[in-house]
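S.K.: Here the working numbering runs 153 ahead of the position in the sequence shown, where the first position is 1.
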Amino acid sequence: MQTDKDFFKLMKESYSTEPRKAFVSDTEYILRKNAKRLNRKRTFKIVSITASSVLVFVISILWLFSFPETEQKSSLIGENSRDEPFIYIYHTHNQESFNSVTKTVDANGAFHPSTNITLVGEKLSQALNNKSIITLHEKRDVMKELGEKGLSYEESYAVSREFLQSTLEENPSIKMIFDIHRDSQPRDVTTATINGDDYAKISFIVSKTSERYIENLKFALAIHTLMEEEYPGLSRGVIEKSAAENQNTYNQDLRNESLLMEIGGVDNTLEEEYRAIDILADVIGKIIKKRE
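(1) With distances taken between CB atoms, is the gap from residue 318 to residue 360 smaller than 8 Å?
(2) Considering only C-alpha positions, which residue in the set 264, 345 and 277 is nearest to residue 243?
(3) Between residue 392 and residue 335, how many whole angstroms is the CB-CB distance? I'm expecting something under 8 Å.
(4) Helix, strand or coil, according to DSSP, for residue 219 in the structure here?
(5) Do the CB positions of residue 304 and residue 312 come within less than 8 Å of each other?
(6) Could you name the residues of the same chain whose beta carbon sits closer than 7 Å to that of residue 337, not counting the 5 residues immediately before and after it, in chain order?
(7) Just confirm the distance between the C-beta atoms of residue 366 and residue 429, as a whole number of angstroms; I'd bet it's less than 8 Å.
(8) Rounding to the nearest angstrom, what Cα-Cα distance links residue 395 and residue 346 in this structure?
(9) Quick one: what's got a C-beta closer than 6 Å to residue 176's C-beta in the same chain, skipping five residues either side?
(10) Helix, strand or coil for residue 287 per DSSP?
(11) Find out if the Cβ-Cβ distance for the pair residue 250, residue 265 is shorter than 8 Å.
(12) Check this for me: beta carbons of residue 377 and residue 388, under 8 Å apart or not?
(13) Our contact map puts residue 239 next to residue 297 with C-beta atoms below 8 Å; I'd like the distance itself, whole angstroms only.
Next comes the structure, spelled out in structure tokens:
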């Protein structure tokens, strides 16, 4: 239970309790005037000290609770929302790596159990967390799960879907979902040079098969447009996959604002990937801030 001592300590740390000079002067005048009516000096001192303490306490209490109720509520809402996951980041093809890591020249051989696209997702997660946007970054290994269950590579999305569904059930606060990949296109297609530095270009994939296609498309276009305005040439654009009957939904039917992103390609380096991620996090952060 909070004691008086704790209460005054909180007030002291949060608000200045030192009265204005004018307030002190006026108060002193009033007290002295009243004190003249008393015969004993000792009584004057007691009344002065007591009255001053009471007045300071009352003024402090009024000051503390004088802020608009709406400001207090919005602050509490903000604190609560920052404590809950807002973005889920995962990797359906989690062992996708880079030729610079695997020392290969064939995209089909650029896979690695640890130095792979998940490091790029972790970088994005950290960059967003630093902006007070809470994320969940999936650590479960889709490729390992395929091997243990005897499933083919084509069934990767079925496994990642299970991960996604369980995460959404446990974290209903999640509003945005990013499945992070790297492309297999050559370097000249997946690289942009900005101010003398090379960046991995970013493409946004939206499935037309999903019943949430329109909302996901709007979201992809919002990110692409802002990125193009502030960092021209970094985005490869929004790629819409056809609505053919057998077209994969990329699990984008489970929640609005779900996107598959390809960050760079097999010929890009992790350093180039990380540069692109810093910009992507900046753009996402600005989009979220505009909605507040």
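Heads up, the beta-carbon is just placed ideally off N, CA and C, and yes, glycines get one too. Small disclaimer: the values here were computed from a predicted structure and weren't measured.
M.R.: Considering the structure as presented:
(1) no
(2) 277
(3) Rounded, the Cβ-Cβ distance is 15 Å, inconsistent with contact.
(4) With a pLDDT of 41 at residue 219, under the threshold of 50, the predicted position of this residue should be treated as unreliable, and no value is reported.
(5) Going by C-beta atoms, residue 304 is nearer than 8 Å to residue 312.
(6) Closer than 7 Å at the Cβ level, and outside the excluded window around residue 337, lie 260, 418 and 419.
(7) With a Cβ gap of about 26 Å, residue 366 and residue 429 do not count as contacting.
(8) Taking the straight line joining both Cα atoms gives about 31 Å.
(9) Any answer about residue 176 is weak, because its pLDDT of 45 lies below 50 and its placement is not dependable; what the coordinates show is given next. No residues qualify anywhere along the chain.
(10) Under the three-state reduction of DSSP output, residue 287 falls in the coil class, being neither helix nor strand.
(11) yes
(12) yes
(13) A Cβ-Cβ separation of about 28 Å leaves residue 239 out of contact with residue 297 under the 8 Å criterion.
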